[in-house]
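Step one of this worksheet: look at the structure below.
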Amino acid sequence: MSAPSGRMLAWWPFPLTETAIFLAIVLVYLVTGALDPNHTYFNAWDASAKMILRNAALLGIVALGASVVIIVGGIDLSSGSMIAFSATTCALIMMFFTQPEVQASGRIAMDTGLVTVSGLGIFLAMVGAVLSGLMVGTLHTWMVTSIRLPPFVATLATLVGLRSFARGMCLFLTKQYWGSETEKITVNTPFFGWLRENNVWISSVVFLVLALVTWVILSRTVLGRHIYAIGGNEEAARLSGIRTENVKWFAYCFSGLCSAIAGIFLMADNSTVQPALMAQGFELNAIASAVVGGCSLQGGIGTVLGTALGALFLRVVIDAVAKLIKAGADVYQGMIVGIIVVVAVTSTQFSTISHSSRQFFPGWRGIWAIPTISLAAGMCVMMGSANIQFAKDRLLLVGIIVTLVSLAILSFIKLLESHRAK
Amino acid sequence: MSAPSGRMLAWWPFPLTETAIFLAIVLVYLVTGALDPNHTYFNAWDASAKMILRNAALLGIVALGASVVIIVGGIDLSSGSMIAFSATTCALIMMFFTQPEVQASGRIAMDTGLVTVSGLGIFLAMVGAVLSGLMVGTLHTWMVTSIRLPPFVATLATLVGLRSFARGMCLFLTKQYWGSETEKITVNTPFFGWLRENNVWISSVVFLVLALVTWVILSRTVLGRHIYAIGGNEEAARLSGIRTENVKWFAYCFSGLCSAIAGIFLMADNSTVQPALMAQGFELNAIASAVVGGCSLQGGIGTVLGTALGALFLRVVIDAVAKLIKAGADVYQGMIVGIIVVVAVTSTQFSTISHSSRQFFPGWRGIWAIPTISLAAGMCVMMGSANIQFAKDRLLLVGIIVTLVSLAILSFIKLLESHRAK
Amino acid sequence: MQPIIQIRSITKTYPGVVALKDVSLDILPGELHAICGENGAGKSTLMKILSGVVGSYEGELHVGGKLVQFGGTRAAEEAGISIIHQELNLVEQLSAAANIFLGRELRTSLGFRDDRAMEQAAEHLFRELECNIGAKQPVSELRVGDQQLIEIAKALSLSSEILIMDEPTSALTESEVERLYRVIARLRARGVTILYISHKMDEVFRLSDRITILRDGRTVQTLVTKETNAQQITQLMVGREIAALDLGTERTPGEVVLQVEKLRLPWPGHARQWRLKDISFELRQGEILGIAGLMGAGRTELLECLFGAAHDPVQGTIRLHGKVQQFAHPIEACEAGIAMVTEDRKRLGIFAEMNVGQNISLCQLKEATTAGLVSSQREEAMSQSMLQSLAVKTAGLVARITSLSGGNQQKCIIGRWLLTKPTVLLLDDPTRGVDVGAKAELYRLMDRLCREGLAIIITSSELPELLTVSDRILVLSEGRQTAMFSRAEATEHRILEAATKGYAEAAQAN
Amino acid sequence: ALPWFAGCPAATPGAGDPTQSGGTKRIVFLINIPDPYWEANLQGLNEGAKMFDLASAGLSVTQDPGNGTTEGQIEKLRQYATQDDIVGVAISPWDADSPAIVEELQKLQKKGVKVITVDNDVNREKYRDSRSFYLGTDNLIAGQALGTGLNAVLDAKGVKSGNFVQFVGNTESDNARARMDGVKDKIGADFVEVAREADGSDTGRAKDNVRNTLLNHKDIVALVGIWAYNAPAITGVLQETNNTGKIVVGTFDAQELAIEAMAKKEIDVMVVQNPFDMGVQTVRLMKAMIQDDQATIKEMFPKQGEPDGDMYTTGLRIVVPDESSPIKKELYEEGVVEFMTLAQFREWLTKFGLKSS
Ligand SMILES: Nc1ncnc2c1ncn2[C@@H]1O[C@H](COP(=O)(O)OP(=O)(O)OP(=O)(O)O)[C@@H](O)[C@H]1O
Ligand SMILES: Nc1ncnc2c1ncn2[C@@H]1O[C@H](COP(=O)(O)OP(=O)(O)OP(=O)(O)O)[C@@H](O)[C@H]1O
Ligand SMILES: [Mg+2]
Ligand SMILES: [Mg+2]
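One line per chain: the protein sequences are A, B, C and D, in this order. 6 is the number of the first residue of the first sequence in this note's numbering; add one for each residue after it. 6 is the number of the first residue of the second sequence in this note's numbering; add one for each residue after it. 8 is the number of the first residue of the third sequence in this note's numbering; add one for each residue after it. 2 is the number of the first residue of the fourth sequence in this note's numbering; add one for each residue after it.
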């Protein structure tokens, strides 16, 4: 189950992928701390750590679910929508427990859907949210095993469907219960206030517990072994007497559960639920974390530690950029994630690539790829430098130089290869 | 190449999937026209048709690209971002061609980027946009063939990366060229104005031409045969001396090209380019269209006609709901797409399912799935009826009845199955 | 005579494995040169190099006197070399004709694809092969044997003067094999040079002029067929003496373990409604029941039915220890004490991502748990015991299963099932693609298990094998039970007769 | 050939340029969603930075785009809390009632960071103390102003009753809600709001919403564009369906296409807030607060301490095509609203080098 790279550097006791990510995280943190003129990472390390932890924990919780599904050979695209859905369910259930006087207190309260609610209500609401996660998981399993939809299609359907279902539900129920429909519910109970206060610790703990549980399941139980088996060779697993459908049921429900929990935290964190906008594209980051952490989309390969570190890595880099680029860093978030994913997966495969005699830029395709890549690189660096102190002026120069240099390097590789092919 | 369902109803000359979708489209149109109190589809059929066509053509163009990639055994998640990227490229190139006098007329013109530009500029801009599509296609191919990234991962990276790349580029270049950075460029040249005017016809024609070309390529040329072969069994194709990488190169570039073209149309249509928001989630609808049209994500199966009809079907239903639900229909769009996808794919597989003795609700899994599905159904109907004239009152009743009825039906099926299993 | 192919000290290494080491070999024009060797000896690898599938290697390759270095299959074809691969390489969605001309499609004058021309050409090829396959028929609807024939037709369509056949008969019915022989004869008359790989000695000796033996990637020796015999060849292959087998003697069957009556397996939506029809037999403790039949006769289905792995509901009664059983899932059969070693290791047997130990312990992992948690010591102990009792050659429990030779992989899978302490063991074609050495060991293993009181059902595509190991032989033809021979009665001829009974009609059917 | 590349820093000195934060402290202006509306504001910030010479005060001002979600703004505010060089935060809250946003603001204040709200305020009943001051024009008032205008136009056209629809990106964002409620208040009791159509900031869908509205609802007399891009979406579709002039159109935020449209008389009335001035005033106020310059603060907030004394109203403009418009100054009480014809408005824009507002 360990990544094939396990062969080289055999003397090193720990799995290589995980080690590499860990080192990368440390490196990024230190370098950023040094480059950042305010050295926030050193001066305000606690605040920064909190900041990173809060996001990493949330992402990690979802990534755990995603990784289990990926290992069993499926894919869950619905996490983001699932988060929105569970949060909405939670809020709506609480709505039914709002005391009359709150409702009586003028239209404002209802318009923006201010909710304060009894302890029982909160409890039931959270149970409801978790249940919603399990139900969606069951639905996925049903579509995948009984109707034999490819997991991609099944979860694509819920990805687009659940969010709008949540919106519709929200409009409908608020209308029925408050008389005025709204797509946004403000949740402001003392409990969730408390949760928001201590969010960092609680979500981190929950994440760690979940991670531990997942680790035990995957690497210490029969179920876990079966999960890897199915991901590796489903038909063989069936013929070895594994009830593949039930194992998948667990996987998808677990993923749904994780998203549901994340949904509760996110709701507490935002103190408002707005399904239309909540946690958009979260699934992409979750899958990215799993992939960066060494999970293979073919299934059968992946570890909990890797996934957790993957999530942490993503968040650290995103946060680091926010520290370096003072304003509007979120513009670059997507680029960062994209690049990390490509680089990470490439590096895990690098050993095999370098061994095999495969060319990086074969034939015309290669010749076309080279300028493309160089141009992209140049553009990125240029943008970057515009935001970074040194070399802010003479941007064009920087851009052109980078482009040309990468062009030269790649062309050189190309030449080498085509020479070697002779 | 034709779907396996081709066996039953052998006397019918046309492929079944396509026929079914076509009938479904007609049905939806007629029923909606009848139910809708204004009978818009009959009274204002031309306006309605225009509206559907405009969207269907745009979606169709992208879906064509998506389907080719799917047939070759890959997946392209980046369409939406690609659209935003090509549109941004187009707008930025035009920016460089804004005539001096425009610039002279006060910094006004430039600040928020009202662009009026020379014919040459427009031409080059469009060429640039198309090129950007081809470059991204090349990049995908490089990642998939040279670095051996799974297509899902490679295009996931560009899905998140390209959009933010476009945003960064937009901010950076406008800042450089206009002195004030903006993430939104208004394109308002006579040419694009004209394009906007006649958008319906032009985009429809472009779509038809593209569809025709794709059809010829897929079903009349060697390249097409190779595309299906690779999708069906890549190793076999490779051993038969097919240059699989080059075929993939075509597929991904074609997909990029389609998205790029769509980007130009979308830009003309919106008269503004805002990469952050443009064409979000477009790829999902494109893939959905292909899947609804009978493409198999395993690759090797799919037709142009099917994809085109799939796109049309999606748009018709979305539009129909907007006609039935007078206000706030966009809330339900996602649900509609989701449900259509599931139903469509299920129905294509139905013959095989019904033949085999597989159970729909086996064991505990089934028992859990039943209430889930019933509940969802009830909820949906309840929401729906809230917006539809008749049965607006006694909603709760409707909901409960539907839930119970579906619960009963499904349980009955369950019973039958478990009985037959004895 | 000037050799048409000269292989000069070719070495090929894969990460971890040395597939070929300093192999040198001459092929004379017009001869049929057989290559023999154990699994993993490097036969296919060598052929892949010859046919341009594998591009990078050390050493020299001369074809027709010229030094060549093929960049791809296309280059090899231009040099006049075509190959029939060991595994089927067909695109199931495409038609037979499309597959034959894949990569070499005929074009019309306008540059479009010329499907009609290709179909006609395909029809012609099929006529030459004396088989009735529709050129338009999608490959997915064809029997495995016909698919193999398409591979052959594909290679013939190149009409190249050097033809490589890597175990072409492994999926063919006896009659089809005969046809193939006739084709080969015609080709040789045309002066085509043929390289022929097979694990079946009778074929090798019947067809070949010369035989080259590979062992562990090295050329051992090249012999002229007339001057050698099977013993010598196998000995050279394995590198040691193989004791002649005397199995099955004085095995005393115990009481009835498994009893099957009127077992039927429907085949919905197919002309022949039954995959299996009215199968009845009984299996005794300490007995080996062989199931013979042509490819596609339904042997696998039959075993799947007994194992609860069939995709459709099974009719008829299955009694295990006198108790009627209705298995809906393999796990139930497994718990009832039935174990099944599936055919086609690679696809249905091994878990490539898992190491040897995990592959062995998979089915019995529960036994190694305490409070729901797997204890790795007990798991290892479990697997280790099997490694020893089956004498599996491996670097250890943590070795990747894919690094083992076919025979040893098969042993691991048998071990996986023996751990479940079954009373009935089903073996579906356990020796397909397994070399003679490993085969012999497997036979002994079966014999031993049998004497230890296990009841075994084995299917095989090789009659001699069945005759060696089994006490009784059940013959299937097109899903119907056509005969049941005791060891004494059974001869190849009678079995073949029974196996081909009613095969003719079926041939018309599709 | 491209001299402008090197020349970038000159174009915008200091302001809008984050990286001057070596020793300099930063003022951050956090907007709710990227929109041209805020580009005028960026101009204002830069203008103010020059006007009040931030650089010499060791300050710089940055505009930080939100992404149109509560999450986004909370995330940003937390980011600020970790960065010590930020001394002032001006925010246009996406959600006035979100305790989370409010709490983050309070945390910032505890850290000694000066916090004000601009354009949108927090819920004043509950969270007034989470910001020191509010700059801008209440969106409710803006909406009412547009409502009044529309009412006048409809009246002049002799339309006594009918339906109207309001178009917006997101019906739940507070500025949108306030504007729409305002319009509804004042457009007149006989005019029924049949729908509020949301498009999720998708310009294409914005147009489809208008098209569907025209097909779906009978007796539509007025269309209202709440967010900047809704204006061209409405006029575009009206053209395409030859309804121009038949239906009264009122919009917010003078997006440049909207200005052109009004020049072609396709828009009857436009309510324009003044993000540019908001920018300038923000800089002024922030600098004063940071340097504890009570005089300036007193000057800006003479009634400080009294109810609503912590609110500074930036201008609100009613723009009409020309004098012939039925909307007259007299409809509005002095002070709150500034009345302009398109010509005057354009002059004003050119004066400050703006294209939209
Ligand atoms: N693609 C590959 N990657 C790694 N190792 C390989 C690969 N192909 C073959 N090998 C190894 O090379 C050796 C020779 O394999 P090859 O398939 O040539 O044996 P063979 O003689 O054809 O065996 P068989 O009789 O089972 O076909 C084996 O050890 C095999 O594991
Ligand atoms: N999944 C399937 N779908 C359709 N037909 C099948 C399927 N599996 C087997 N068949 C057909 O059922 C018949 C029996 O197949 P089976 O694999 O049992 O043959 P067999 O006797 O096991 O031959 P072998 O074991 O040598 O492959 C054959 O005609 C085969 O083509
Ligand atoms: Mg071989
Ligand atoms: Mg079989």
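Just so it is clear, CB atoms sit at the ideal spot from N, CA and C, and this is done for glycine as well. Here the structure is a predicted model, which is why all the values come from computation and not from measurement.
Does the stretch 254-262 of chain D come close enough to the stretch 230-244 of chain D that 3 or more CB-CB pairs lie under 8 Å? The answer is yes - the stretch 254-262 of chain D touches the stretch 230-244 of chain D, with three or more Cβ pairs under 8 Å.
Check the DSSP bridge columns for M491/C and list the partner residues they point to. To locate residue 491/C, count along the third sequence from 1; it is residue 484. Paired residues: L481/C.
Can you name, in chain order, every residue of its own chain whose Cβ lies under 8 Å from the Cβ of L380/A, other than the five neighbours on each side? By one-based count along the first sequence, residue 380/A stands at place 375. Shown here for L380/A: same chain residues with a beta carbon closer than 8 Å to its own, the five before and five after excluded, namely T408 in chain order.
Are the C-beta of G333/B and some C-beta of chain D separated by less than 8 Å? Position 328 of the second sequence, counted from the start, is the residue given in the question as residue 333/B. For G333/B, the answer is yes, since a Cβ of chain D falls inside 8 Å of its Cβ.
Check whether the stretch 60-73 of chain C touches the stretch 139-150 of chain C, taking contact to mean three or more Cβ pairs, one atom from each stretch, closer than 8 Å. no
For the stretch 120-137 of chain D against the stretch 325-334 of chain D, do three or more pairs of beta-carbon atoms, one drawn from each stretch, fall closer than 8 Å, so that the two count as touching? no
Ligand 1 and V24/C: does the residue's C-beta get closer than 7 Å to at least one heavy atom of that ligand? Here the question's residue 24/C lines up with position 17 in the third sequence. Yes; taking the cut-off as 7 Å, the Cβ of V24/C has a heavy atom of ligand 1 nearer than that.
Beta strand (DSSP E) containing L63/A: first to last residue? Here residue 63/A refers to the residue found at position 58 of the first sequence. Here L63/A belongs to no beta strand (DSSP E); instead the alpha helix (DSSP H) covers W50 to I76.
From the beta carbon of E240/B, is the nearest beta carbon of chain C less than 8 Å away? In the second sequence, the residue the question calls residue 240/B occupies position 235. Yes, its Cβ sits closer than 8 Å to a Cβ of chain C.
Quick one: residues in its chain with C-beta nearer than 8 Å to the C-beta of A514/C, no 5 flanking neighbours on either side, listed in chain order? As a working note, residue 514/C is residue 507 in the third sequence. Unreliable positioning characterises A514/C in this predicted model, as indicated by a pLDDT of 47, which lies under 50. The coordinate reading is nonetheless provided below. The answer, listed in chain order, is N139.
Within the stretch 84-168 of chain D, note down every full beta strand (DSSP E) run reaching 3 residues or more, in order along the chain. 87-92, 115-119 and 134-136, all fully within the stretch 84-168 of chain D.
Own chain residues within Cβ distance below 7 Å of L40/A, not counting five before or after: Counting from 1 along the first sequence, the entry for residue 40/A is found at position 35. For L40/A, where only same-chain residues beyond five positions count, the Cβ hits under 7 Å are L329.
Give me the Cα-Cα distance between E40/D and V114/D, rounded to the nearest whole angstrom. Position 39 of the fourth sequence holds residue 40/D. Position 113 of the fourth sequence holds residue 114/D. Taking the straight line from one Cα to the other gives about 25 Å.
Select from the stretch 333-347 of chain B all residues with a C-beta closer than 9 Å to any C-beta belonging to chain A, and list them in chain order. G333, D335, V336, Y337, Q338, G339, M340, I341, V342, G343, I344, I345, V346 and V347
Which bits of chain D does D274/B rub up against, with CB to CB less than 7 Å? The sequence position of residue 274/B within the second sequence is 269, counting from 1. What D274/B touches in chain D: G205.
Does P37/D get closer than 8 Å to chain A when you measure Cβ to Cβ? Within the fourth sequence, the letter at position 36 stands for residue 37/D. So no, P37/D is outside the interface.
Contact test: T52/C Cβ vs ligand 1 heavy atom, cutoff 7 Å: Sequence index remark: in the third sequence, residue 52/C carries index 45 (1-based). Within the cutoff, so yes.
Along chain B, in chain order, which residues have C-beta atoms closer than 9 Å to that of V2/C? For residue 2/C there is no data in the structure shown, the boundaries of chain C being 8 and 517.
Please return the same chain residues whose Cβ sits closer than 6 Å to the Cβ of E158/C, not counting the five positions on each side in sequence. In the third sequence, counting from the first residue as 1, residue 158/C sits at position 151. Once the five neighbours on either side are set aside, the close Cβ partners of E158/C are I91.
Within the same chain, show all residues whose beta-carbon is closer than 7 Å to that of A291/B, passing over the 5 residues directly before and after it, in chain order. Here residue 291/B refers to the residue found at position 286 of the second sequence. Excluding residues within five positions, the ones whose Cβ falls inside 7 Å are L64, V67, A68, A71 and S84.
Residues in the stretch 45-63 of chain D having any Cβ partner in chain B nearer than 9 Å: N47
With 16 other Cβ atoms within 10 Å as the buried cut-off, status of M8/C: Taking the first residue of the third sequence as 1, we reach residue 8/C at position 1. Under this definition M8/C is an exposed residue.
By the three-class DSSP mapping on this structure, what secondary structure does R352/C have? Here residue 352/C refers to the residue found at position 345 when the third sequence is read from its first residue. Note: R352/C maps to helix in three-state DSSP.
Less than 8 Å between the C-beta atoms of R291/C and A462/C, yes or no? On the third sequence, residue 291/C is found 284 positions in, with the first residue counted as 1. On the third sequence, residue 462/C is found 455 positions in, with the first residue counted as 1. Result yes, Cβ atoms of R291/C and A462/C sit closer than 8 Å.
Does S202/D get closer than 8 Å to chain E when you measure Cβ to Cβ? Protein chains A, B, C and D are contained in the structure displayed, whereas chain E is not.
Provide the residue span of the beta strand (DSSP E) that contains F30/D, from first to last. Position 29 of the fourth sequence, counted from the first residue, corresponds to residue 30/D. Residues K26 to L31.
Can L319/B and S301/B be called in contact, C-beta distance under 8 Å? On the second sequence, residue 319/B is found 314 positions in, with the first residue counted as 1. On the second sequence, residue 301/B is found 296 positions in, with the first residue counted as 1. Against a cut-off of 8 Å, the Cβ pair of S301/B and L319/B comes out as no contact.
G198/C burial status per 10 Å Cβ neighbour count (16 or more: buried): In the third sequence, counting from the first residue as 1, residue 198/C sits at position 191. Label assigned to G198/C: exposed.
Taking the C-alpha atoms as reference points, what is the distance between S166/C and A160/C? Here residue 166/C refers to the residue found at position 159 of the third sequence. Here residue 160/C refers to the residue found at position 153 of the third sequence. If you take the alpha carbons of S166/C and A160/C, they lie about 10 Å apart.
If you count every other CB in all the chains shown that lies within 10 Å of the CB of V482/C, and 16 or more means buried, which is it? Start at 1 with the first residue of the third sequence, and residue 482/C comes out as number 475. V482/C comes out buried.
Tell me which residue opens and which closes the beta strand (DSSP E) that H323/C is part of. Taking the third sequence and counting its residues from 1, the one referred to as residue 323/C is at position 316. Residue identity differs from the one stated: residue 323/C is Gly in this sequence, not His. Segment Q322 to L327, the beta strand (DSSP E) holding G323/C.
Just list the alpha helix (DSSP H) runs in the stretch 299-384 of chain A, keeping only unbroken ones of 4 residues or longer that don't cross its boundaries, in chain order. 309-329 and 335-360
Proximal chain C residues relative to G237/B, where beta-carbon distance stays under 8 Å: In the second sequence, counting from the first residue as 1, residue 237/B sits at position 232. Contact of G237/B with chain C by beta-carbon distance below 8 Å involves V98, E99, Q100 and L101.
Scan the stretch 355-376 of chain C for residues whose Cβ lies nearer than 8 Å to a Cβ of chain A and list them as they occur along the chain. L355, G356, I357, F358, A359, E360, M361, Q365, L369, C370, L372, K373 and T376
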